[in-house]
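**Student:** Structure in structure tokens, see below.
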């Protein structure tokens with residue numbers, strides 16, 4: 058029997074202590090600590106870790122945290138949407154995103170050339186910067202070869218960047234492949250299209266990329282997933298794990314619920330019916346906005362992994 | 058001033074009367090009628106209608122309703138995820154999906170080879186049938202040409218089907234292109250990969266498909282969207298409309314909310330900051346599961362369009 | 058095995074046919090039909106029906122539908138919050154509520170003396186009308202006796218009204234008690250307080266009302282609940298049923314989910330751990346705004362009950 | 058312009074640093090820091106603080122945190138539901154609540170006499186202990202006087218307890234009134250009813266309690282609210298503040314959204330249309346489970362208030 062314990066504030070308390078305390082509080086705070094413990098086990102077991110997120114999280118300040126995690130070897134395979142790629146590159150080239158309001162006047166924003174994502178803003182200037190940068194990159198890629206698997210292309214782009222806080226940069230330098238199953242669904246899609254108009258033999262090979270994600274892990278590997286949000290990022294990772302025998306560990310952090318049958322809200326339990334997650338796996342689901350829940354669960358896991366000498370935090 | 062009116066049951070009442078009555082009730086019932094009216098205006102104005110949905114809706118019995126809508130010319134461009142393609146083909150070849158329970162025993166289901174999507178079930182047998190069918194189709198496609206834009210490939214597949222209730226079939230016969238920006242994110246992705254292993258010059262050209270979606274409408278067209286659920290389907294449609302000058306009409310039906318900055322929960326207001334939806338457009342958002350809300354809003358719209366002689370319901 | 062069936066529109070289709078069709082669609086549409094069937098069984102079995110709702114639903118046009126249901130003997134005990142009482146009385150005295158916008162300018166509304174509830178508006182004038190009316194009513198009640206159980210007081214008030222569409226009126230005339238466990242939590246609370254200032258021996262006896270709700274049904278009665286929304290209305294009904302041996306039938310219609318441990322989101326399954334709902338009961342839960350889901354489920358049930366001659370719809 | 062900043066983990070980081078860092082991340086993490094800042098301003102300004110919560114939070118380990126906050130003078134008026142009272146008393150008498158699972162077997166739990174609230178469990182034994190305790194307390198109250206306003210009764214009960222971690226105990230000793238507008242809606246209601254059966258002149262005066270809450274603050278006081286969850290607790294506090302001129306500060310922490318017109322999901326903006334919150338007030342809303350969000354926001358506020366010497370944390 059584990060009992061509810063009264064939480065207390067102590068001056069200067071650490072995140073580690075708070076999340077540990079939350080494990081005896083109730084409701085999602087208990088699930089949060091389960092997520093931390095599942096991440097710890099995943100890493101300790103030597104599992105290959107699939108890390109998936111949606112682009113709005115890269116618009117947010119989680120971007121730098123994600124790149125730090127890659128450097129700390131907390132991710133072996135990344136799956137995301139194309140906005141993540143675009144916004145990581147903008148930031149790597151010095152563009153800044155603005156903190157705004159959910160209740161902004163959107164028509165006024167539009168007149169000013171400012172685009173809203175929840176309470177964050179990206180200016181048209183940042184998209185213009187991206188355009189200038191990506192054109193040159195595509196030209197260089199094309200000069201190397203005409204036909205690119207998406208993850209190979211993203212690795213090359215990562216190697217062209219010079220920003221320690223960039224996800225693409227850290228992934229490229231740490232040999233972590235980035236998969237992006239809907240690579241054309243963003244500004245990059247438009248620039249790829251423009252480039253192909255001039256260079257019809259330029260090919261983005263999404264089918265070859267499926268081969269890449271399958272060979273990024275093997276049936277023999279223990280496999281874990283940390284899925285932030287839902288959509289194709291989450292689905293693509295668990296699909297490739299299904300083909301490779303299923304996941305041993307799964308942490309889902311999301312705001313979606315299962316009642317409408319969506320992929321985003323699909324539970325770890327549902328995933329077991331498919332064999333996406335093994336029957337005897339360790340799983341945790343935390344319901345809430347990941348800009349709050351993920352740093353908490355992950356900081357707690359990092360502190361423990363650091364104490365155990367499993368991650369190198371120098 | 059429009060006032061709340063008391064709703065009353067009358068024996069044998071029609072959907073049309075109920076939804077009309079709901080327009081004076083409150084909360085989402087009011088938004089539902091707004092959605093109906095926006096669909097009616099969209100169609101009356103001659104706008105090109107983008108119709109987007111996620112694959113779980115095709116697992117459900119909405120599949121036949123969607124194909125009926127295509128036949129009734131209520132959709133000019135479709136954007137969806139690859140599960141929709143797979144499940145439409147399974148059904149066209151006689152496979153049946155089973156009604157189950159949200160609280161099913163998923164480990165038992167797994168042992169029986171049955172895969173759960175909310176309260177619906179798809180057996181492994183249906184995936185095997187899909188495998189058998191798609192292999193032959195890919196071979197035929199390959200014999201025609203080596204390099205395929207996704208929407209062109211899906212049209213060819215539609216022409217190979219013989220099922221009036223199939224989305225692919227009706228879309229192909231009514232010249233409605235189907236876009237699927239994450240074409241490899243499903244069983245089809247695996248079969249494309251297997252096929253390419255044997256036929257390395259087989260190419261699925263997602264960049265060319267971006268050209269196709271851009272040319273499916275023009276800047277001069279009035280444009281509307283009916284977006285069911287979120288994710289890449291919704292985003293891809295509004296992105297292509299943004300490039301072509303923005304949408305004049307938008308109906309969003311979803312369970313997602315905006316507080317976590319997700320695309321699925323992004324509002325029509327937020328879309329205006331980007332120019333995805335024009336400042337002076339007609340918009341409606343209905344919060345709720347589309348298996349309930351969409352048939353209501355659309356049946357009401359169809360009845361009115363039928364009365365006005367705008368759709369041909371013979 | 059029950060299979061998914063493709064939904065189709067047929068011209069002039071009835072609500073009854075649509076909801077029947079939805080039973081083979083998927084996700085919440087299936088649960089909607091389960092709700093209808095549970096309501097039908099509840100009524101056919103002769104169960105005492107607890108009907109609970111929150112005040113925003115009485116602000117909406119569901120008010121007239123609720124009063125119609127009472128007249129049709131579809132409710133034996135009502136539990137609600139005090140706003141329902143206030144707004145039912147305002148409407149009975151001719152006040153009208155206005156249809157507004159979720160995105161209204163609330164500071165402007167405040168300046169105009171208009172109060173917002175989602176996309177509905179109530180003017181200060183309606184509250185003034187309520188004040189004028191209720192003062193006289195309290196005086197009459199006081200002249201009859203000094204100490205009132207809440208449900209007895211609400212019955213007396215119902216008998217003072219002259220409006221067929223009023224919930225209080227129909228409940229009083231059909232001997233359906235209305236319980237309101239938080240009777241002071243609204244404008245009525247303020248007027249009770251003002252009245253008691255002048256008449257200190259005026260007592261609202263909430264403890265006596267607990268006796269009333271317990272004796273409104275017995276352990277031997279079959280008992281069912283239709284709970285719209287959550288909060289104290291839902292809890293009070295299931296608490297009193299727990300004491301009387303538990304519910305045989307339960308339909309929950311709500312937008313709340315269980316992850317935060319709230320009463321509003323508590324499931325029928327959780328209720329079984331308490332004995333609030335019997336282990337072998339018939340239950341259904343529909344997730345969505347009740348202004349849409351409840352009329353659908355209930356109209357379908359009424360049509361069937363009418364066909365079977367169980368309700369008298371003359 | 059405030060810009061998004063990349064969040065980074067530093068070994069041993071404090072909650073204070075993390076939440077400060079979150080202020081530049083995005084989405085709800087930004088709102089969390091706004092909540093902290095609003096709480097700080099509320100306290101610095103000398104506002105009377107209304108603190109409202111639902112009973113499930115007292116089932117959880119937040120109970121001890123709430124009592125600590127009362128001791129630290131962070132609450133001047135409390136509004137809650139009756140389950141909070143019951144469970145605080147059980148805990149004060151040594152009962153323990155158990156950490157369970159959302160997916161528990163509820164029929165098995167029922168057979169074992171164990172009641173589930175989300176992932177927490179309360180045994181029947183705890184309810185029996187409560188019964189034994191409360192009977193004696195009611196007898197003592199009755200011997201003092203026959204007619205009790207709820208908050209006066211709860212203060213007396215608090216004075217009978219001997220537990221530093223008890224909310225009732227700390228509230229009684231710090232002269233913080235506890236209001237409970239639906240005092241009969243729980244096991245206490247049943248025991249009040251049993252007691253009144255034997256002692257018909259025993260009266261719980263809820264109308265007098267309305268007088269008490271109105272006089273707990275005045276129009277001249279600056280007023281703030283920290284509302285955790287929704288329902289009658291939240292509504293009762295803002296109603297009484299409306300009558301006293303409206304709130305100057307408001308922090309809402311909830312999982313409910315506004316689309317269905319519920320009180321729980323009603324926004325701070327909507328509250329302005331009523332005058333519940335003043336037009337020029339400081340407000341913050343955080344969407345998420347309060348077992349995670351509230352400790353974060355409040356610990357950050359306590360650290361700052363401690364640094365400024367505004368709270369006495371000795």
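Residue numbers (my numbering), protein chains in the order written: chain A, 58 to 371; chain B, 58 to 371; chain C, 58 to 371; chain D, 58 to 371. Don't be surprised by glycine CBs; every beta carbon is placed ideally from N, CA and C.
Pop quiz: residue 120 of chain D and residue 282 of chain D are said to be a contact at Cβ under 8 Å. What is the actual Cβ separation, rounded to whole angstroms?
**Tutor:** Not a contact, Cβ separation roughly 20 Å.
**Student:** Ignore the nearest five residues each way along the sequence and tell me which others in residue 314 of chain B's own chain have a CB closer than 6 Å to its CB.
**Tutor:** The residues are 322.
**Student:** Quick one: which unbroken beta strand (DSSP E) runs of 3-plus residues sit fully inside the segment 250-309 of chain B? Chain order, please.
**Tutor:** The qualifying runs are 260-262, 280-285.
**Student:** Distance, Cα to Cα, residue 58 of chain C vs residue 260 of chain D?
**Tutor:** Distance between the alpha carbons of residue 58 of chain C and residue 260 of chain D: 58 Å.
**Student:** 7 Å is my cut-off, CB to CB: does residue 83 of chain D come that close to chain A?
**Tutor:** True, the Cβ-Cβ gap to chain A drops below 7 Å.
**Student:** Would you mind working out which of D:60, D:117, D:91 sits nearest residue 346 of chain D, comparing C-alpha positions?
**Tutor:** Out of D:60, D:117, D:91, D:117 has the C-alpha closest to the C-alpha of residue 346 of chain D.
**Student:** Any Cβ of chain A within less than 7 Å of the Cβ of residue 317 of chain B?
**Tutor:** Interface residue, yes.
**Student:** Taking Cβ-Cβ distances shorter than 8 Å, what residues in chain C pair up with residue 304 of chain D?
**Tutor:** Those within 8 Å of residue 304 of chain D in chain C number zero; the least Cβ separation is about 13 Å.
**Student:** Give me the Cβ distance between residue 296 of chain C and residue 242 of chain D, rounded to the nearest whole Å; I'm assuming they're in contact under 8 Å.
**Tutor:** The pair is a contact, with the Cβ atoms about 7 Å apart (cut-off 8 Å).
**Student:** Since I believe residue 312 of chain C is in contact with residue 290 of chain D (beta carbons under 8 Å), could you give me their beta-carbon distance rounded to a whole number of angstroms?
**Tutor:** About 19 Å; that fails the 8 Å criterion.
**Student:** Taking residue 190 of chain A and residue 240 of chain A to be in contact with their CB atoms under 8 Å, please state how far apart those CB atoms are, rounded to whole angstroms.
**Tutor:** Rounded, the Cβ-Cβ distance is 17 Å, inconsistent with contact.
**Student:** Tell me the DSSP bridge mates of residue 110 of chain A?
**Tutor:** According to DSSP, residue 110 of chain A bridges with A:137.
**Student:** Give a yes or no on contact between the segment 79-86 of chain A and the segment 60-70 of chain A, applying the rule of three or more CB pairs nearer than 8 Å.
**Tutor:** Yes, they touch.
**Student:** Taking a Cβ distance cut-off of 7 Å, strictly less, list which residues of the segment 140-166 of chain A are near chain D, in chain order.
**Tutor:** Flagged, chain order: 153, 154, 155, 156.
**Student:** Kindly indicate which residue of B:357, B:286, B:336, B:327 has the alpha-carbon position closest to the one of residue 108 of chain B.
**Tutor:** Of the candidates B:357, B:286, B:336, B:327, the one whose C-alpha sits nearest the C-alpha of residue 108 of chain B is B:286.
**Student:** When the distance is taken between beta carbons, is residue 97 of chain B closer than 7 Å to residue 361 of chain B?
**Tutor:** Yes, these two residues count as a Cβ contact at 7 Å.
**Student:** What did DSSP end up calling residue 149 of chain D once you bin it into helix, strand or coil?
**Tutor:** Residue state, collapsed to three classes: helix.
**Student:** Taking the beta strand (DSSP E) that residue 66 of chain A falls in, what are its first and last residues?
**Tutor:** It is not in any beta strand (DSSP E) - residue 66 of chain A carries neither H nor E in the DSSP assignment.
**Student:** With H, G and I counted as helix, E and B as strand and the rest as coil, what does DSSP make of residue 177 of chain B?
**Tutor:** In the structure shown, residue 177 of chain B sits in a strand (DSSP, three-state: E or B).
**Student:** With distances taken between CB atoms, is the gap from residue 330 of chain D to residue 173 of chain C smaller than 7 Å?
**Tutor:** Their beta carbons are under 7 Å apart, which means residue 330 of chain D touches residue 173 of chain C by this criterion.
**Student:** Go to residue 335 of chain A, then tell me how far its alpha helix (DSSP H) extends in each direction, as first and last residue.
**Tutor:** Premise fails: residue 335 of chain A lies in the beta strand (DSSP E), 334-344, not in any alpha helix (DSSP H).
**Student:** In whole angstroms, give me the CA-to-CA distance for residue 367 of chain B and residue 183 of chain B.
**Tutor:** For residue 367 of chain B and residue 183 of chain B, the distance between alpha carbons rounds to 39 Å.
**Student:** Beta-carbon of residue 344 of chain C versus every beta-carbon of chain A: anything under 7 Å?
**Tutor:** With 7 Å as the cut-off, residue 344 of chain C counts as an interface residue toward chain A.
**Student:** Can you tell me the Cβ-Cβ gap for residue 159 of chain A and residue 181 of chain A, rounded? I've got them flagged as a contact below 8 Å.
**Tutor:** Rounded, the Cβ-Cβ distance is 21 Å, inconsistent with contact.
**Student:** Please classify residue 90 of chain A as buried or exposed, where buried requires at least 16 other C-beta atoms within 10 Å of its C-beta.
**Tutor:** With 16 or more Cβ atoms within 10 Å of its Cβ, residue 90 of chain A is classed as buried.
**Student:** Strictly below 8 Å CB to CB, what residues from chain B border residue 173 of chain D?
**Tutor:** Within 8 Å Cβ-Cβ: nothing; residue 173 of chain D doesn't reach chain B, min ~15 Å.
**Student:** Can you tell which of C:125, C:155, C:238 has the C-alpha that lies nearest to the C-alpha of residue 356 of chain C?
**Tutor:** Nearest option by C-alpha distance: C:125.
**Student:** Just to confirm my understanding: we take residue 222 of chain D, look at its own chain, exclude 5 residues before and 5 after, and list those with CB closer than 6 Å. What are they?
**Tutor:** The answer, listed in chain order, is 121, 124.
**Student:** Ends of the alpha helix (DSSP H) at residue 120 of chain D?
**Tutor:** It spans 119-128 - the alpha helix (DSSP H) in which residue 120 of chain D sits, taken as one unbroken run.
**Student:** If you draw a straight line from the alpha carbon of residue 170 of chain D to that of residue 288 of chain A, how long is it in whole angstroms?
**Tutor:** Each residue's alpha carbon lies about 41 Å from the other.
**Student:** Hey, how far is the Cα of residue 130 of chain A from the Cα of residue 238 of chain C?
**Tutor:** Using only the alpha carbons, I get a separation of about 56 Å.
**Student:** Can you tell me whether residue 219 of chain D is buried or exposed, with buried defined as 16 or more other CB within 10 angstroms of its CB?
**Tutor:** Residue 219 of chain D comes out exposed.
**Student:** Would you mind working out which of C:231, C:186, C:235, C:76 sits nearest residue 210 of chain C, comparing C-alpha positions?
**Tutor:** Minimum Cα distance to residue 210 of chain C is reached at C:235.
**Student:** For the beta strand (DSSP E) containing residue 364 of chain A, list its first residue and its last residue.
**Tutor:** Note, residue 364 of chain A: premise wrong, no beta strand (DSSP E); alpha helix (DSSP H) at 347-364.
**Student:** If we cut at 7 Å on Cβ distances, does residue 336 of chain A have a partner in chain B?
**Tutor:** Yes, because at least one Cβ of chain B sits closer than 7 Å to the Cβ of residue 336 of chain A.
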